[in-house]
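Numbering (the numbering used here), first residue to last: 2 to 139.
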């Protein structure tokens, strides 16, 4: 099992690869996203990182990570943004939103990009599958 220091090291290496300034808040947020098996909301991260950064700093770090292409965000039916990082640069994959517990999970399968008319510039694809996760099925 991977411990927190592995995620912190991974976060530092990722920030360094992007030529970014390595701050305590950026490292902590990115390490927490690396450690999570599912996308996390701002509120969840705020609770987990209360001793590291305040709400405004967390918003800024999350937006910066998304702007840099390090993290991505997805909104489910509850209209709450959730953030995650992926090992691959292309974030065009499907998400699964559980109607039972409200959790959102990244799916391995890539979302199929719809064809767009000539002259259009497709920049993002978002696909959300809905149903029940294994825990809620039981």
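C-beta atoms are modelled at their ideal positions from N, C-alpha and C, and glycine is treated no differently. Here the structure is a predicted model, which is why all the values come from computation and not from measurement.
Buried versus exposed call for residue i [16 or more other C-beta atoms within 10 Å across all chains shown]
{"i": "residue 85", "result": "buried"}
{"i": "residue 89", "result": "Interpretation of residue 89 is limited by its pLDDT of 42, a score under 50 that renders its predicted location unreliable; no figure is taken from the coordinates."}
{"i": "residue 19", "result": "exposed"}
{"i": "residue 63", "result": "buried"}
{"i": "residue 22", "result": "exposed"}
Short Cβ contact (8 Å threshold) for residue i with residue j
{"i": "residue 105", "j": "residue 25", "result": "no"}
{"i": "residue 54", "j": "residue 101", "result": "no"}
{"i": "residue 46", "j": "residue 61", "result": "no"}
{"i": "residue 96", "j": "residue 75", "result": "yes"}
{"i": "residue 98", "j": "residue 127", "result": "no"}
Through-space distance from residue j to residue i, alpha-carbon basis
{"i": "residue 65", "j": "residue 139", "result": "39 Å"}
{"i": "residue 133", "j": "residue 70", "result": "29 Å"}
{"i": "residue 36", "j": "residue 121", "result": "37 Å"}
{"i": "residue 103", "j": "residue 41", "result": "11 Å"}
{"i": "residue 116", "j": "residue 59", "result": "36 Å"}
{"i": "residue 124", "j": "residue 10", "result": "31 Å"}
{"i": "residue 72", "j": "residue 80", "result": "18 Å"}
{"i": "residue 119", "j": "residue 5", "result": "47 Å"}
8 Å contact criterion, which residue i and residue j should meet: CB distance rounded
{"i": "residue 16", "j": "residue 30", "result": "At roughly 10 Å, the Cβ-Cβ gap does not stay under 8 Å, so residue 16 and residue 30 are not in contact."}
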